[in-house]
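In my numbering, the protein residues as written are 32 to 326. We put the beta carbon where it would ideally sit given N, CA and C, even for glycine.
What follows is the structure, encoded as structure tokens:
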């Protein structure tokens, strides 16, 4: 059918596939550049620009972007470029810590459910379904409400609400691996269930778990920003991206757009960069999808 369509349009199917590959290559390179710029900003701006991001200058409050302050200043005269970079550092710390914690928990639970099967699998998946029925943000608010505002309560909140998808992915991958011939051969050879899980099943699911962790980092950053915006996340004096957006609400209503725009971009840009790179990674992990794209 695809060959007939290609003959009708006069466009070879493989040439259209080539255009798709160039588009994906452009997306991949753009994502890599954005992510590299983000990492360099986090690592290099604070030591190179030897200014205190908490320094108050009331004479320069709410200055528009210019040479002295490329991102402008906030309502007490603090430089927004430095504030955004420091906020990105804090949000990345929360995102990476939460993603790693959630991935470890989800991988352990999903691997146990898939490897043991039976009543263990059914019980674990019922727990996953129960947690999944509660909106993540609502459950996160409930968790952070039990602690004082800080980094680790937010990390725990995000991790406890985001291990579910990883557990589902790992369980499905383990069930797929269990049906393969080399697993049957290992079991027939007398290998214990623990040995089969550790030596054969876990290495097979690590690429999928790593991809889930990478995709979870921007998602965790969004949740941290949402919790901080609501006043339930990090302390208000901490320059997280969510706190910066929350602080800028009054300025936006008064017509100053820059205190809201730039922290928002620092949330969106890393998300797009990670999503682009993770999409390319997913295609490499899925041979069937990769072969379809090459047609």
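Nearest to residue 192 (by Cα), restricted to the options 173, 55 and 214: 173
Assigned exposure category for residue 16 - 16 Cβ within 10 Å defines buried: Since the displayed the chain opens at 32 and closes at 326, residue 16 lies outside it and no answer follows.
Exposed unless 16 or more other CB atoms sit within 10 angstroms - verdict on residue 57: With fewer than 16 Cβ atoms within 10 Å of its Cβ, residue 57 is classed as exposed.
C-beta contact flag for residue 180 and residue 266 at 8 Å: Yes, these two residues count as a Cβ contact at 8 Å.
The stretch 272-288 / the stretch 153-170 touching (three or more Cβ pairs under 8 Å): no
Nearest residue (CA-CA) to residue 292, options 133, 62, 65 and 102: 102
Collapsed DSSP secondary structure at residue 104 in the structure displayed: strand
The stretch 131-149 contacting the stretch 230-250, beta-carbon criterion three pairs below 8 Å: The stretch 131-149, when compared against the stretch 230-250, does touch it at the 8 Å Cβ threshold.
Own chain residues within Cβ distance below 6 Å of residue 126, not counting five before or after: 248, 251 and 252
C-alpha gap between residue 205 and residue 239, whole angstroms: 11 Å
Own chain residues within Cβ distance below 6 Å of residue 188, not counting five before or after: By the criterion of a C-beta distance shorter than 6 Å, residue 188 is surrounded in its chain by 171, 174 and 175, once the five residues flanking it on both sides are discounted.
Residue(s) in a DSSP beta bridge with residue 110: 104
Segment contact flag, the stretch 255-273 with the stretch 131-141, C-beta cutoff 8 Å, min 3 pairs: no
Residues near residue 61 in its chain [Cβ-Cβ closer than 7 Å; skip 5 each side]: 307
Residue 100, buried or exposed, once every other Cβ within 10 Å from all chains shown has been counted against 16: Residue 100 is buried by the Cβ-count criterion.
Within 8 Å, strictly: CB atoms of residue 118 and residue 89: no
With 16 other Cβ atoms within 10 Å as the buried cut-off, status of residue 219: So residue 219 ends up on the exposed side.
Residue range of the unbroken alpha helix (DSSP H) whose run includes residue 262: Neither: residue 262 is in no alpha helix (DSSP H) and is coded neither H nor E.
Beta carbon of residue 73 nearer than 8 Å to that of residue 121: Taking 8 Å as the Cβ cut-off, residue 73 and residue 121 do not qualify as a contacting pair.
Simplified DSSP state of residue 309, which is helix, strand or coil: helix
As assigned by DSSP and simplified to three states, the class of residue 287: DSSP, read as helix, strand or coil, puts residue 287 in coil.
Inter-residue spacing [alpha-carbon to alpha-carbon] between residue 130 and residue 245: 7 Å
Presumed contact (8 Å Cβ cut-off) between residue 142 and residue 197, rounded CB distance: Not a contact, Cβ separation roughly 10 Å.
Inter-residue CB distance, residue 289 and residue 78 (contact presumed, cutoff 8 Å): About 25 Å separates the two Cβ atoms, so there is no contact after all.
Residue 88 - DSSP class collapsed to helix/strand/coil: Correct three-state label for residue 88: coil.
Expected contact under 8 Å - CB spacing of residue 133 and residue 190 to nearest Å: Contact annotation, residue 133 with residue 190: C-beta distance approximately 4 Å; criterion of less than 8 Å satisfied.
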